[in-house]
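One structure is given here, and the rest of the page talks about it.
In UniProt numbering, the protein residues as written are 1 to 374.
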């Protein structure tokens, strides 16, 4: 049960939206920031309505409204609020510094933080984030968000920026030539198989963290789950349709290193055998790239054949770029060498994390990849 939050010594409060009309008003306002000019307000709201029907959203999303406590007490259905945001409930794996034991904890992803122009400069968004932070620290051990306004604002309320890089691979004529050098060791992944890989990956990540050398830093992983990936695919598929007025007719969502691997192995919850290296992506037509959501490279030799297959898919669908987030340095080096790619610091969509109790300065975010975004 989500509780409403009274801001101490204040006439304001943070209120969990209880009606579809309140959520709709919040969506209409935030279309200014995340819809226009690529989507009209109507198209943006259609996308939000579609996503609100996804299992991930239904089970895990709360829309928060910030306004005068008096207004909410008089009418819980009021549309008179000043700023708003969303939170998504997820799970994280945590291993405390100096310990081997891995535990599962609640994670809150904060998204869609918005205040209308006419209300800005009055501290409404700041007070909302302060109240939200106080609430989250009682209900979760990890919280992440993605800042488009630099590191300063959110750091005041505990969300510290993690330095992050993206690697961009061009589907150039030179890189397309590499595809024909590849041996036949990869197989594409459809939607159902992708979900099998995601579930197996989550199990394997926990085993790997348990067996890794003890670290003097707190380590955490936001657990990949199938409903999150489904939500991302639905979001991008709808956006692709809104932009092009047609859906991309493909049931390919990734690629794995075949090597005679039996997919039945993924159904083994004990996963005594290693799962193969794989890439799972989402196709972003408006952004004109393949966004890799999760990449598992068990060996450095697996990087090139998997990316060759990804280039092959991108080329067949006239998509000029492939983007990956936060690769290990050895993987980034080989990609830059073979594909003449470049890695750059993220300047927008900055990954930020708050840990409770506060240990952000001496922590390590493992598998900080794009599937964590919402």
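We treat Cβ as the ideally placed atom computed from N, Cα and C, and that holds for glycine.
Report the three-state DSSP secondary structure of residue i (helix, strand or coil).
i           : result
residue 89  : strand
residue 139 : helix
residue 291 : strand
residue 16  : strand
residue 79  : coil
residue 216 : coil
residue 211 : helix
residue 335 : helix
residue 233 : helix
residue 374 : coil
residue 278 : strand
residue 188 : strand
residue 152 : helix
residue 195 : helix
residue 250 : coil
residue 180 : With a pLDDT of 44 at residue 180, under the threshold of 50, the modelled position of this residue cannot be trusted; read the value that follows with caution. Residue state, collapsed to three classes: coil.
residue 171 : coil
residue 4   : coil
residue 343 : strand
Give the C-beta separation of residue i and residue j to the nearest angstrom, bearing in mind that I take them to be a contact with Cβ-Cβ under 8 Å.
i           : j           : result
residue 293 : residue 335 : Not confirmed; about 17 Å, so no contact.
residue 45  : residue 27  : 5 Å
residue 257 : residue 302 : 5 Å
residue 164 : residue 288 : The Cβ separation is near 21 Å, so there is no contact.
residue 82  : residue 124 : 4 Å
residue 199 : residue 102 : That pair is no contact at about 18 Å.
residue 131 : residue 14  : 5 Å
residue 159 : residue 352 : 4 Å
residue 142 : residue 112 : No, residue 142 and residue 112 are not in contact; Cβ-Cβ is about 19 Å, not under 8 Å.
residue 167 : residue 350 : Between residue 350 and residue 167 the Cβ distance is about 16 Å, and since that is not below 8 Å, they are no contact.
So is residue i buried or exposed if we call it buried at 16+ other beta carbons inside 10 Å?
i           : result
residue 291 : buried
residue 232 : buried
residue 286 : exposed
residue 201 : buried
residue 157 : buried
residue 84  : buried
residue 195 : buried
residue 362 : exposed
residue 86  : buried
residue 149 : exposed
residue 316 : exposed
residue 38  : exposed
residue 48  : buried
Per DSSP, residue i is paired with what?
i           : result
residue 351 : 146
residue 325 : 166
residue 225 : DSSP output for residue 225 lists no bridge partner at all.
residue 84  : 65, 114
residue 94  : 103, 220
residue 256 : 187, 278
field: 4-residue-minimum alpha helix (DSSP H) runs that sit fully inside the region 10-64, ordered along the chain
entry: 20-34, 41-52, 55-60
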